[in-house]
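Residues in the sequence shown are numbered from 879 upward in steps of one, following this note's numbering.
Note sheet for the following structure.
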Amino acid sequence: MSSLAVAEPPASRAPSRPPARSPVLSPASGPSRCGGERRMNASPAAAVQDGQLRSVDLNHVIKLLEDSGSKDLEKEQLKTLKKVVKHFENGLPLKDLAQIIEILKLCAEKMNEQEAFTEPLCELIELCGLPFQKKKLSDEVSYSKAVSKSIAQLGSLMSVPSSQVRIQICKCVVSFYNTELPRKLLSGYQPTSANYKIQMAELGGLAEALVLSLALVENQLTEKLWVLKALQHLSRSGVNCRLMMKAQAARILCLYLNGVDPSGQLVFHSSEILWNLLENTSKEEVVNQLSSLECVHALKEVFVDLLMHGFRHYDRQLRNDLLVVATLLAENPEASMIESGFAELLIALATFTEVKIPNPLVKAVKLTYSYEDFELKKLLFNIIRVLSKDPCAVQLLSESDVMPALLYYVKPNQKPGFHDWSAAQYEELQLHAIAILASVAPLLVDKYLSCQANTLLLVFLEWCIGQDRFLGQGNSFHGTGGRGNKLAQMRYSLRVLRSVVSLYDDAVNVNLCDQGAISQLLDILKYAANKSKEKEDAILLEIQADILFLLSALCENDLHRKELFSYEGVNILITFIQMDSKKLHSELGHNCLLLSALDCLWSCVIGCYTAENYFLEKQGIFLLLDLLALKQKNLCNVILGILVEFCDNPKTTLHISTWRGAKDQTAANLLIQLWRQEESDLGVKHDRYGRIVDMKRPIASSFQKQQEVIPMPANCPSFAIVEISENIRAKLYSLLCKLGFENLPGLSAKDCVTLAIIRHYIDFKVGEVWSEMCEELKEEFRPVVSDEEALKVISDAAEDTGRMVVALQTEVLESQHHREMQEEEKTYTKIQAIHKQREMVDKSWKNFLTRTSNYEALKKAKRLQEKSIEACRSKLKTQNGTVHSTDIKGLSTTFGNFIDNLRVYVRGGTGGMGYPRLGGEGGRGGDVWFVARERTTLKSIRDRYPQKRFIAGAGANSSVQALKGEKGKDCEVHVPVGISVLCDDGKQIGELNAAGERLLAARGGLGGSLATNFLPCKGQRRTVRLDLKLIADVGLVGFPNAGKSSVLSKISHAKPEIANYAFTTIQPELGKIMYADYKQISVADLPGLIEGAHANKGMGHKFLKHVERTKQLLLVVDISGFQLSIKTQFRTAFETILLLTKELELYKEELTTKPALLAINKMDLPCAGDNLNELMEQLQHPQDFLHLLQEEMIPANTLEFKDIIPISTYTGEGIEELKACIRKYIDEEAEQENEEYRKKKLVLLQTSEEQMKRS
């Protein structure tokens, strides 16, 4: 509070002191008794004084004063009183205080008759101001009641009609707050604690007595000032303030504010006490006491006097403090602010410097632009805000110049409006004024429009997002978040627009939209969103939420405005809806921003097909469903409402059906989960399977069932109807109606049970309404028989619906139980198959151990093997005819260092220069060609051309001798037959499948001509990949170590590497079978496949591609099965065939349609016969054995083998038969191709003959 420097330095307004504790709870904290005794023993003078004190009998003094008589008795009384004063000049013992107060009372009575007692009375009162002294630590508690009553008696002595006595009492009270220790102490005594007197004053109610005594000193300025000074000290305590309020202290002090006092102390002390009362007691109680017309008038007069004549620093501070009190009064509707004219004066003071309109109320007022005047300006603005909340003050605000005065600050503040305000002060005033405008504008819409406030605000917002340099101070409350930027100005300007737009006044909204507010608001929203990406804070989030609200209010129910919003607005909304869900719990305002974005989506997009379709293109429905999957209560209701409205667009349902959430959750499943969660919250009862329990009211909430039947008018909705709008079940039902209840994906049996309830939601609701109607009728009337029967039929129909739904739910559950049983059976069957497979593995292992561990058994097997070899050898026969040798030179060609992929660079030749003078054209550059040729390999190309660069020759330049330049020399590259030429991106350029075929790889550049300004063009350049796919008649396919290379070596003259380990063949080997009639059939041996070859595991794609061009497949299988390593699973021969088929199918499905033979190798092993019989049975009826296998092993289509030949490459068994089968089926295929060729030729011939006849 302000200070007032007059006769005494004013006390500063400190924070309120905590209430003093009771003496019972707060023992003395002075020095110890022994310490006091040591001091007393050390002081002989004090001991003498103590002896004199014992000679004074206070009871005798009291009896002496009670007597009345001659003058000699009066002199004796006065002498005795002086002696008492002398003896207690260093302080009063607590035990004697009650007697001293009794003496005071007797003196006061004597003083009414004889003035001579005035001086001793004042001296005795002065003694009460000295520190009290105690003999024991417990004296403070023991004498607390007597001391509090004694101090209270001081207040009653204020009734003594003596100015000297009253002033002395006030001085005594002020001395309570003096904490200095006495200079001397009585022997055996120590001072009481520093706050002891203050606590006793609170306990005795001294403050209340002093307030009441103000009426006695009303016309005595000096006495009044001393009383106020004493009250100022006492008002530091909350207890004293409450006692003062009982005596109507606030009202009394306010009436004294305008009293005559040249020194100014009266206003100072009174205002200081008022502040302490406001801080330490209930503000409402203080304001109620000050709300009378007399108090407001007094406050107004003092404020005006200080405003006009207060030129000192503390005068201005005191003026501002009184204005704060006036603000508190303005918040009370019962205060007579308007009747007293105080409100009108304050409004005029707040606006006169901005509008420059002469006003008789403030014509003599001048601001000095000091700090106190700056605070005054802010307080006056705040008064306008407070008055705007009072309906009675609206007319007063309308008649004044509040609107133009506040709008004065809505402008770029590059140059402050008043040269005397600093930049920081002007910015604070500007923000304060715009904040007040947000409260006033909705009340004064007509003035708001007449002052073109919308235009000013839009221009101001344009400046806020501009690039002009502005360093906001951001030091004030309203400047929060605006340091170094214009965010604070933007924030409060948007609040003004929000306050007027929220009125939904057509004139305001049309005025805004006509000035391009929608596009400007979108620009500001993008600006704020970009700022928020740099650093998110609550201010930026609030700005974005306010803009979204403005757009929602402006675009609602107006198609043209929605179209203006559509594309740009939807893009912004998408970013908000994509907000990280973790931010919703940040408490910065993300939750509010998201809700504003959803509201804007509802208002600005729905209803405009352009905006809706663009939102759907941006996958907005997917984002909404992602938000819905969070299952936050405050979001679900809004999002479901939006989705229901969106479903009017026919494209929406497809988007909803397509959505997939976490763990492949469907939209239907999500909606049903939300339904169950809502019913759980509402207390709807179902059994543990989710079936209906209450047939009469299946979906009624627990609250709904608890309501008593209350007859209502026809226009009032019942509980059943009200419940529809209060939860999300109706929206969920509407949404599922749009999606349809049939064939919804991703639903479990539990979902289907719930779906049966949702499907009959309307039926159940109708039943609830009829049930309520029946109960209301029974409460008031007795229906006639026909009506009662009709009501019963309706009630039964509702129950029948419930029973029907329960039956449907039971059927669904039984069906689910049946499916679960089937799944269990399948699982059990699979377990059995695995068990059987393990038994087979164990059996195979035991057989292996038997063969390799028993010497006699091995010896016997060896003899059987030798006999089989001997039996298979052909016997020599004498031939009469000519014998032709099959050992042809070069026939056993193998491909060492095999390469099937080569990357080369090709470039066409550059064209020749033109001849501009004569118009000559340069020669075209040469081309690069790939030419297929037999007996050429990619390895030979790589060895011959290590740089792997092929460049054609350049075209000849045009000259006088040859105006047309010659073409450059072509570059021909010989490549193997079966080459595919591909670009680096995998796109195929062409294939060369026969010797002599040519493929253009790079075209030469054009020569210089008129079209090219006679400048040559560069040739085409690119890097290509030569991919070789072997062209063989038969391709050997099998797992590693199946014996493919051994088969190749037995049926052809090829000599591949053969060893007893997997992956012996690491590159394709090509051999040829030579028959007696010189027929040759090529056979390609490919490296072994493994599981996952289709996914490029192992050799994978590198060699599977070679199978594509073979005419026939020969699968080679080990009769004993296959296991790649100890870590991989063992596969039987049947499983091996299926796995090979599956790999071919997954790589390219067409491979399974090729003709195929099956060679079952290693028939020389023991138990091979048993395994062969088992395998043949499995191959004849594969469907009977597929259930024993894992699902991923089973191919879609099994290979159909032309023939199955058991062979042994070790003994030679079945080799000749295999060669004969290969020849047979190759010849059949060739014959078939020839037959088809002949038919095509015949058809062409017939067609040409018919055309000739017609012609």
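All residues carry an ideal CB built from backbone N, CA and C; glycine is no exception.
Computed from a prediction, not measured in an experiment: that's the story for all the values here.
### Message
Considering only heavy atoms of the ligand FAD, does any lie closer than 7 Å to the CB of residue 1985?
### Response
Because no ligand of any kind appears in the structure shown, any question about the ligand FAD cannot be addressed here.
### Message
Measuring straight from C-alpha to C-alpha, what distance separates residue 2126 and residue 2107?
### Response
Locating residue 2126 in the sequence shown gives position 1248, where the first residue counts as 1. Locating residue 2107 in the sequence shown gives position 1229, where the first residue counts as 1. Distance between the alpha carbons of residue 2126 and residue 2107: 29 Å.
### Query
How would you label residue 1888, buried or exposed, when you count the other beta carbons within 10 angstroms and need 16 or more for buried?
If you number the sequence shown from 1, residue 1888 lands on position 1010. Label assigned to residue 1888: exposed.
### Task
Could you tell me the boundaries of the alpha helix (DSSP H) in which residue 2082 lies?
In the sequence shown, the residue the question calls residue 2082 occupies position 1204. From DSSP, residue 2082 is part of no alpha helix (DSSP H) but of the beta strand (DSSP E) over 2079 to 2084.
#### Entry: Sequence-distant residues of its chain with Cβ nearer than 8 Å to residue 1000 (five each side left out)
Locating residue 1000 in the sequence shown gives position 122, where the first residue counts as 1. 1042, 1043 and 1046, listed in sequence order.
### Query
Can you tell me whether residue 1544 is buried or exposed, with buried defined as 16 or more other CB within 10 angstroms of its CB?
Along the sequence shown, read from residue 1 onward, the residue named residue 1544 stands at position 666. So residue 1544 counts as buried.
### Task
Could you check how far apart the C-beta atoms of residue 982 and residue 943 are, in whole angstroms? I think they sit under 8 Å.
On the sequence shown, residue 982 is found 104 positions in, with the first residue counted as 1. On the sequence shown, residue 943 is found 65 positions in, with the first residue counted as 1. The pair is not a contact, with the Cβ atoms about 10 Å apart (cut-off 8 Å).
#### Entry: Supposed close pair residue 1391, residue 1426 - CB separation, criterion 8 Å
For the purposes of this step, residue 1391 is identified with residue 513 of the sequence shown, where counting begins at 1. For the purposes of this step, residue 1426 is identified with residue 548 of the sequence shown, where counting begins at 1. Not confirmed; about 16 Å, so no contact.
### Message
Do residue 1204 and residue 1239 have their beta-carbon atoms positioned less than 8 Å apart in this structure?
### Response
Here residue 1239 refers to the residue found at position 361 when the sequence shown is read from its first residue. Here residue 1204 refers to the residue found at position 326 when the sequence shown is read from its first residue. With contacts defined as CB atoms closer than 8 Å, residue 1239 and residue 1204 fail to qualify as a contacting pair.
### Query
If we ignore side chains and look at the alpha-carbon of each, how far apart do residue 1702 and residue 1710 end up?
The residue you call residue 1702 lines up with position 824 of the sequence shown. The residue you call residue 1710 lines up with position 832 of the sequence shown. The alpha-carbon atoms of residue 1702 and residue 1710 are separated by roughly 12 Å.
### Message
Just list the residues that DSSP pairs residue 1866 with in beta bridges.
### Response
If you number the sequence shown from 1, residue 1866 lands on position 988. According to DSSP, residue 1866 bridges with 1860.
### Task
Please name the residue, chosen from 1187, 2050 and 1677, that lies closest to residue 1570 on a Cα-to-Cα basis.
Along the sequence shown, read from residue 1 onward, the residue named residue 1570 stands at position 692. Answer by Cα proximity: 1677.
### residue 976 - containing alpha helix (DSSP H), residue span
Against the sequence shown, residue 976 aligns to sequence position 98. Note, residue 976: alpha helix (DSSP H), 975 to 989.
#### Entry: residue 1788, buried or exposed, once every other Cβ within 10 Å from all chains shown has been counted against 16
Mapped onto the sequence shown, residue 1788 falls at position 910. By the 10 Å Cβ count, residue 1788 comes out buried.
### Task
Tell whether a beta-carbon distance below 8 Å holds between residue 1400 and residue 1446.
Looking up residue 1400 in the sequence shown gives position 522. Looking up residue 1446 in the sequence shown gives position 568. Cβ atoms of residue 1400 and residue 1446: closer than 8 Å.
### Message
If the criterion is Cβ atoms closer than 8 Å, does the pair residue 1484 and residue 1524 meet it?
### Response
As a first step, residue 1484 is located in the sequence shown; it is residue number 606 there, counting from the start. As a first step, residue 1524 is located in the sequence shown; it is residue number 646 there, counting from the start. Contact: yes.
### Task
Identify whether residue 2036 lies in helix, strand or coil by the three-state DSSP scheme.
Stepping through the sequence shown from its first residue, residue 2036 is reached at position 1158. In the structure shown, residue 2036 sits in a strand (DSSP, three-state: E or B).
### Task
Taking 8 Å as the threshold, find out whether the region 1795 to 1807 comes into contact with the region 1865 to 1884 through three or more Cβ pairs.
yes
### Task
Could I get the ranges of all uninterrupted alpha helix (DSSP H) runs contained in the region 1880 to 1962, with 4 residues as the minimum, in chain order?
Those alpha helix (DSSP H) runs which fall completely within the region 1880 to 1962 and span 4+ residues are 1922 to 1929.
### Query
Excluding sequence positions up to five away, which residues of its chain have a Cβ less than 7 Å from the Cβ of residue 1870?
Residue mapping note: residue 1870 aligns to position 992 of the sequence shown, counting from 1. Once the five neighbours on either side are set aside, the close Cβ partners of residue 1870 are 1808, 1810, 1853, 1855, 1857 and 1877.
### Straight-line Cα distance separating residue 1121 from residue 979
Position 101 of the sequence shown, counted from the start, is the residue given in the question as residue 979. Position 243 of the sequence shown, counted from the start, is the residue given in the question as residue 1121. If you take the alpha carbons of residue 979 and residue 1121, they lie about 23 Å apart.
### Query
Is residue 1674 helix, strand or coil by DSSP?
Locating residue 1674 in the sequence shown gives position 796, counting from the first residue. Here residue 1674 sits in helix by DSSP.
### Task
Rounded to whole angstroms, what's the CA-CA distance from residue 1621 to residue 1649? Just pull it up for me.
Numbered from its first residue, the sequence shown carries residue 1621 at position 743. Numbered from its first residue, the sequence shown carries residue 1649 at position 771. So the two alpha carbons sit approximately 33 Å from each other.
### Query
With distances taken between CB atoms, is the gap from residue 2146 to residue 1158 smaller than 8 Å?
Residue coverage of the chain in this structure runs from 879 to 2133, which leaves residue 2146 outside it and unanswerable.
### Message
Count Cβ pairs between the region 2065 to 2075 and the region 2110 to 2121 that sit closer than 8 Å; are there 3 or more?
### Response
no
### Query
Taking buried to mean at least 16 other C-beta atoms within 10 Å of its own C-beta, is residue 1080 buried or exposed?
The residue you call residue 1080 lines up with position 202 of the sequence shown. The residue in question, residue 1080, is buried, as its Cβ has 16 or more Cβ neighbours within 10 Å.
### Task
List the whole-angstrom C-beta distance separating residue 1030 from residue 1089, where the pair is believed to meet the contact cut-off of C-beta under 8 Å.
Here residue 1030 corresponds to residue number 152 of the sequence shown, with the count starting at 1. Here residue 1089 corresponds to residue number 211 of the sequence shown, with the count starting at 1. Not quite, the Cβ-Cβ distance comes to about 13 Å (not below 8 Å), so this is no contact.
### Coil, strand or helix - residue 1798 by DSSP
In the sequence shown, the residue the question calls residue 1798 occupies position 920. In the structure shown, residue 1798 adopts extended strand secondary structure according to DSSP, grouped into three states.
### Task
Taking all protein chains shown into account, decide if residue 1797 is buried (16 or more other Cβ within 10 angstroms of its Cβ) or exposed.
Here residue 1797 refers to the residue found at position 919 when the sequence shown is read from its first residue. So residue 1797 counts as exposed.
### Query
Where do the N-terminal and C-terminal ends of the alpha helix (DSSP H) with residue 1630 fall, by residue?
Counting from one through the sequence shown, the residue named residue 1630 turns up at place 752. 1627 to 1637 is the span of the alpha helix (DSSP H), which, as asked, contains residue 1630.
### Task
Tell me whether the beta-carbon of residue 1655 lies closer than 8 Å to the beta-carbon of residue 1636.
Numbered from its first residue, the sequence shown carries residue 1655 at position 777. Numbered from its first residue, the sequence shown carries residue 1636 at position 758. No, Cβ-Cβ distance for residue 1655 and residue 1636 is not below 8 Å.
### Message
Quick test of the definition: if touching needs 3 or more C-beta pairs under 8 Å, does the region 1303 to 1312 touch the region 1248 to 1263?
### Response
yes
### Task
Check each candidate in 1066, 990, 971 and 1063 and name the one with the smallest Cα separation from residue 1024.
Residue 1024 sits at position 146 when you count from the first residue of the sequence shown. Nearest C-alpha to residue 1024: 971.
#### Entry: Residue from 2001, 2015, 2012 and 1997 with nearest C-alpha to residue 2045
As a position in the sequence shown, residue 2045 is number 1167, starting the count at 1. Residue 1997 is the option with its Cα nearest to residue 2045.
### Task
Identify every residue that forms a DSSP beta bridge with residue 1849.
For the purposes of this step, residue 1849 is taken as residue 971 along the sequence shown, with counting starting at 1. Note: residue 1849 sits in a beta bridge opposite 1806.
### Message
Applying the 10 Å Cβ sphere with the 16-neighbour rule, what's the burial state of residue 1537?
### Response
In the sequence shown, counting from the first residue as 1, residue 1537 sits at position 659. Answer is buried; the Cβ neighbour count reaches 16.
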